[in-house]
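So that you can map any letter, position 85 of the sequence shown is 695 in the working numbering, and since no number is skipped, the others follow by simple counting.
Structure, as structure tokens:
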Amino acid sequence: MKIIDNIESRLYLGPSKIPGAGVGLFAGDEIQMGVPVCEYKGDVFETEDSVRQRYKYTLSLGLGGEVFIYTLKHPNGKIIDCHPSFSKEVIGLGGFVNDVLGYTERLKEGYREELVEAAKENKLKEWEIEKGYNLSYWAIPHETKYLLTSLRKIEPGEELYANYGDPY
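Spelled out as structure tokens, the structure:
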């Protein structure tokens, strides 16, 4: 694994504040609202089937199927995978950003309806901030990678969180 993040400034890895999440990414300095914070890049796959081979090991963990832990689909249809143990290409720090809600919170009653309502009212950003997110994904159109940009001012020492979206 080789990490090169061309835009990060004073970020650091540490134990996530989310129980069981492992490593998290944290702000070392204050980050202003609306600025690029880090990159989400890694190995690029053309289809889900091509990345599926990498995740066969999750079947043996009893998770019921392949779990694409570090993957994100780009609007161009390609899939970015930045798994720290498997990636052959350089990865950015964006793969260490966690989702503050986690999988179990998304299963709770009313979550989906609340999200749909916020989207309908064009208040998704406000909803994300209210839930504890401080970053959002922005796809680079001419490259298969994302930038994570700040939704609000982020204080030093704060863990960075982004909404993984429905596929999660």
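All C-beta atoms in this analysis are idealised placements derived from N, C-alpha and C, irrespective of residue type, glycine included.
Everything numeric in this text was worked out from a predicted model, so none of it was measured.
- Scanning M611, G630 and L621 for the CA closest to the CA of E768 turns up L621.
- The DSSP assignment places 745 to 749 as complete runs of the beta strand (DSSP E) inside the segment 705 to 751, in order along the chain (cut-off: 3 residues).
- In the DSSP assignment, T759 is bridged to P646 and S746.
- In the structure shown, D653 falls within a strand segment according to DSSP collapsed to helix, strand and coil.
- The beta-carbon distance between I690 and Y743, rounded to whole angstroms, is 20 angstroms. This is too long to meet the 8 angstroms contact definition.
- Pairing V654 with F706 gives a Cβ-Cβ distance that is not under 8 angstroms.
- Of the candidates K666, K683, S660 and S626, the residue whose Cα lies closest to the Cα of Y747 is K683.
- Residue range I689 to D691 is occupied by the beta strand (DSSP E) that includes D691.
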